[in-house]
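Enquirer: Structure in C-alpha cells, see below.
In the UniProt record's numbering, the protein residues as written are 1 to 297.
So, in C-alpha cells, the structure goes:
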C-alpha cells in the first residue's frame with residue numbers, strides 16, 4: 001500500500017470530511033477524493049459511507065484506520081526520539097496522573113521545574129483511567145500501582161496511606177473523636193467507595209461507612225475532599241502527602257489508615273534517552289527525596 005494514500009486516508013477518517021482533511025493536508029478536496037478512490041480501488045473495498053453530514057468508516061475502513069492510527073503513533077514516537085537527541089530540554093511533555101496527586105502534590109511543585117526549564121511545555125492529563133504509554137497516549141505516568149506492561153521503565157517513588165484529617169477550627173467546634181463510635185457527632189468527607197480510586201482508599205472508605213455516620217459529603221476526587229476539610233466541613237479521608245503543604249491539618253484517630261499504596265513513575269522504553277523525560281524524572285525524584293526527608297525529620 002502507498003503510504004501517501006494511507007496518510008491521506010488517515011486524515012480523512014480522523015476529520016470525517018474531505019474538505020477538513022484537505023485543509024489539514026493543504027490539498028484540494030478533489031485531490032483528496034482522487035487519492036481515496038485510488039486506495040479503495042487498489043484494495044477493492046469501500047472505505048467510507050458517504051452521506052450529507054460527512055463520511056462514516058465502513059467495517060473495512062475501521063480496520064484500516066486502526067492500523068494507520070498505530071502507524072501514526074509509532075511515527076510520532078520516532079519523531080519525539082529524534083527531537084530528544086538534542087541536549088536542550090524543550091518542547092511538549094505529556095504527563096498523566098490521578099486528579100488527587102496531580103492537583104495536590106505535583107502541580108504546586110511545577111514552578112520549580114519551569115524555572116529550571118522555561119522552554120518546557122507540559123500537558124498535564126489528570127484522570128483515574130490508566131493511559132496507554134506504549135501507544136503514546138502520554139509520555140510519562142505517575143501511578144498508584146506498579147505498571148503491568150513489560151515495555152515500560154518504572155521507578156518506585158514512595159508509599160502513601162489514606163488517613164483522617166481535620167482543621168483545628170473544626171475540631172475546636174466539634175471536639176476530637178476518640179473512637180469510631182464518636183463519629184456519630186461528626187461529618188465524614190471522602191470519596192464514595194464506588195468512585196474510581198486506588199483499592200486501599202476504597203477499602204478504607206467502605207470500612208468507615210460501615211459505622212453509623214449520619215452526615216457525609218462524598219466528592220469524586222481528593223482535591224474536592226481537601227476543599228471540604230479546609231472549609232471546616234468535617235473530617236476527611238486524604239492521602240498523607242497533603243500534610244507537607246497543609247501542615248496545620250490535624251490527624252484524627254491515628255490508628256485508622258489504609259494499607260500502603262506504592263507510587264510509581266513510568267515511561268516507555270523508547271523514551272529512555274529523552275531529555276524531557278529525564279528532566280521530569282530527576283525533578284520528581286528530587287522532590288520526593290525532599291518530601292521523605294521532611295517526614296523523617
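Backbone N, C-alpha and C fix where the C-beta goes; we use that ideal spot for every residue, glycine too.
Which residue comes first and which comes last in the beta strand (DSSP E) that contains residue 250?
Expert: Stepping through the chain shown from its first residue, residue 250 is reached at position 250. That run of the beta strand (DSSP E) goes 250-257.
Enquirer: Look up residue 32 in the DSSP assignment and say whether it is helix, strand or coil.
Expert: Taking the first residue of the chain shown as position 1, residue 32 is located at position 32. Residue 32 falls in the helix class under three-state DSSP.
Enquirer: Would you mind giving the Cβ-Cβ distance between residue 160 and residue 240, rounded to the nearest angstrom? I have them listed as a contact below 8 Å.
Expert: As a working mapping, residue 160 is identified with position 160 in the chain shown. As a working mapping, residue 240 is identified with position 240 in the chain shown. Right, their Cβ atoms sit about 6 Å apart.
Enquirer: Just mark residue 332 as buried or exposed, buried being the case when its beta carbon has 16 or more other beta carbons within 10 Å.
Expert: Shown here, the chain extends from 1 to 297; a query on residue 332 therefore has no answer.
Enquirer: Strictly by DSSP, which residues pair up with residue 236?
Expert: Locating residue 236 in the chain shown gives position 236, counting from the first residue. Per DSSP, 165, 189.
Enquirer: Can you give the Cα-Cα distance for residue 228 and residue 207, rounded to whole angstroms?
Expert: Residue 228 sits at position 228 when you count from the first residue of the chain shown. Residue 207 sits at position 207 when you count from the first residue of the chain shown. Cα to Cα, the separation comes out at about 21 Å.
Enquirer: Would you tell me roughly how many angstroms separate the C-alpha atoms of residue 58 and residue 40, rounded to the nearest one?
Expert: Numbered from its first residue, the chain shown carries residue 58 at position 58. Numbered from its first residue, the chain shown carries residue 40 at position 40. About 12 Å.
Enquirer: By a C-beta neighbour count over all protein chains shown, 10 Å radius and 16 as the cutoff for buried, is residue 297 buried or exposed?
Expert: Here residue 297 refers to the residue found at position 297 of the chain shown. No answer about residue 297 holds up, because its pLDDT of 47 lies below 50 and its placement is not dependable.
Enquirer: Given residue 2, which residues of its chain have a CB within under 7 Å of its CB, disregarding the five upstream and five downstream residues?
Expert: For the purposes of this step, residue 2 is identified with residue 2 of the chain shown, where counting begins at 1. Cβ within range, chain order: n/a, list empty.
Enquirer: Quick one: is residue 285 buried, meaning 16 or more other Cβ sit within 10 Å of its Cβ, or exposed?
Expert: Numbered from its first residue, the chain shown carries residue 285 at position 285. Exposed: under 16 other Cβ atoms inside 10 Å.
Enquirer: Do residue 13 and residue 75 come within 9 Å of each other at the CB atom, strictly closer than that value?
Expert: For the purposes of this step, residue 75 is identified with residue 75 of the chain shown, where counting begins at 1. For the purposes of this step, residue 13 is identified with residue 13 of the chain shown, where counting begins at 1. No, Cβ-Cβ distance for residue 75 and residue 13 is not below 9 Å.
Enquirer: From the DSSP output, in three-state form, read off residue 266 for me.
Expert: Position 266 of the chain shown, counting from 1, holds the residue named residue 266. Strand.
Enquirer: Determine the direct distance from the alpha carbon of residue 19 to that of residue 29, and round the result to whole angstroms.
Expert: Here residue 29 corresponds to residue number 29 of the chain shown, with the count starting at 1. Here residue 19 corresponds to residue number 19 of the chain shown, with the count starting at 1. Cα to Cα, residue 29 sits roughly 5 Å from residue 19.
Enquirer: Hey, is the segment 263-282 in contact with the segment 89-101, meaning 3+ C-beta pairs nearer than 8 Å?
Expert: A contact exists between the segment 263-282 and the segment 89-101.
Enquirer: Cα-Cα, which of 51, 162, 62, 52 is closest to residue 9?
Expert: Your numbering for residue 9 matches position 9 in the chain shown. Among 51, 162, 62, 52, the Cα nearest to that of residue 9 is on 62.
Enquirer: What's the gap between the Cα of residue 154 and the Cα of residue 272?
Expert: Walking along the chain shown from the start, residue 154 turns up at place 154. Walking along the chain shown from the start, residue 272 turns up at place 272. Taking the straight line joining both Cα atoms gives about 11 Å.
Enquirer: What does the Cβ neighbour count give for residue 248, buried or exposed, with the cut at 16 atoms within 10 Å?
Expert: Stepping through the chain shown from its first residue, residue 248 is reached at position 248. By the 10 Å Cβ count, residue 248 comes out exposed.
Enquirer: If I measure Cβ to Cβ from residue 212 and keep anything under 7 Å in the same chain, skipping five residues before and after, which residues do I get?
Expert: The count along the chain shown starts at 1 and reaches residue 212 at position 212. 184.
Enquirer: Under the rule that 16 or more other beta-carbon atoms within 10 Å means buried, what is residue 100, buried or exposed?
Expert: For the purposes of this step, residue 100 is taken as residue 100 along the chain shown, with counting starting at 1. Its Cβ being crowded by 16 or more others within 10 Å, residue 100 is buried.
Enquirer: So, helix, strand or coil for residue 137, using DSSP?
Expert: Working through the chain shown from its first residue, we reach residue 137 at position 137. Residue 137: coil per DSSP, three-state reduction.
Enquirer: Residue range of the beta strand (DSSP E) that residue 125 falls in?
Expert: Numbered from 1 along the chain shown, position 125 holds the residue referred to as residue 125. Residue 125 -> beta strand (DSSP E) spans 120-126.
Enquirer: Taking only the alpha-carbon atoms, compute the straight-line gap between residue 287 and residue 243 and give it to the nearest angstrom.
Expert: Translated into positions along the chain shown, residue 287 becomes position 287. Translated into positions along the chain shown, residue 243 becomes position 243. Cα to Cα, residue 287 sits roughly 15 Å from residue 243.
Enquirer: What are the uninterrupted segments assigned as beta strand (DSSP E) that are 3 or more residues long and contained completely in the segment 171-222, given in chain order?
Expert: Taking only runs of at least 3 residues, the beta strand (DSSP E) segments lying wholly in the segment 171-222 are 187-190, 215-218.
Enquirer: Report the start-end ranges of each beta strand (DSSP E) in the UniProt domain "HTH lysR-type" (1-58) that is 3 residues or longer and not cut off at the edges.
Expert: Listed in chain order, the complete beta strand (DSSP E) runs (minimum 3 residues) inside the UniProt domain "HTH lysR-type" (1-58) are 48-51, 54-57.
Enquirer: Is the number of C-beta pairs between the segment 262-270 and the segment 163-172 that are closer than 8 Å three or more?
Expert: Contact between the segment 262-270 and the segment 163-172 is absent, because fewer than three Cβ pairs lie under 8 Å.
Enquirer: If you check the beta carbons only, do residue 164 and residue 252 fall under 9 Å apart?
Expert: For this step, residue 164 is matched to residue 164 along the chain shown. For this step, residue 252 is matched to residue 252 along the chain shown. Cβ distance < 9 Å, so residue 164 and residue 252 count as in contact.
Enquirer: Considering only C-alpha positions, which residue in the set 97, 144, 78, 109 is nearest to residue 274?
Expert: Here residue 274 refers to the residue found at position 274 when the chain shown is read from its first residue. Comparing Cα positions, the closest option is 78.
Enquirer: Name the two residues that bound the continuous alpha helix (DSSP H) containing residue 92.
Expert: For the purposes of this step, residue 92 is taken as the residue at position 92 of the chain shown. Residue 92 -> not in any alpha helix (DSSP H); beta strand (DSSP E) instead, spanning 91-97.
Enquirer: Enumerate in chain order the residues of its own chain whose CB-to-CB distance from residue 50 is below 7 Å, with the five nearest sequence positions on each side excluded.
Expert: Here residue 50 refers to the residue found at position 50 of the chain shown. Around residue 50: no qualifying Cβ.
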